[in-house]
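**Student:** Quick one: this structure, given as structure tokens, is what I'll be asking you about.
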Amino acid sequence: KDIRKLVNDTCVSRPSRKRGCKNCQDNNRGEMCDHCFKCGQSGHLSRGCRLVKKTSEKTEEVGMSVSSVT
Numbered sequence: 001k002d003i004r005k006l007v008n009d010t011c012v013s014r015p016s017r018k019r020g021c022k023n024c025q026d027n028n029r030g031e032m033c034d035h036c037f038k039c040g041q042s043g044h045l046s047r048g049c050r051l052v053k054k055t056s057e058k059t060e061e062v063g064m065s066v067s068s069v070t
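Numbering-wise, the sequence shown is residues 1 to 70 according to the UniProt record's numbering.
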């Protein structure tokens, strides 16, 4: 059998995901959603957000023990 036919017969396509946040989808602006999901500001996406990530106490403890070893 042709491998492409075999793949097409056995694979199930996934439904396409809607773009944008829930608020923009509700206002029919899903494709034009241009604000950050982390900080909510327009002009950049979450992957380019400069908002400092909050560290947990556990992470801080690990960081302290590692820095004291070096």
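Even for Gly, the Cβ is constructed at its ideal location relative to N, Cα and C.
Write down the C-beta distance between cysteine 33 and histidine 44 rounded to the nearest angstrom, noting that I regard them as a contact closer than 8 Å.
**Tutor:** Incorrect: roughly 12 Å between the Cβ atoms, too far for contact.
**Student:** To the nearest angstrom, how far is it from the Cα of leucine 51 to the Cα of cysteine 39?
**Tutor:** Whole-angstrom Cα-Cα distance: 7 Å.
**Student:** Please name the residue or residues paired with histidine 35 in a DSSP beta bridge.
**Tutor:** Ser42, per the DSSP bridge assignment.
**Student:** Quick one: give me the first and last residue of the alpha helix (DSSP H) that cysteine 21 is part of.
**Tutor:** Looking at the DSSP string, cysteine 21 is not in any alpha helix (DSSP H), and its letter there is neither H nor E.
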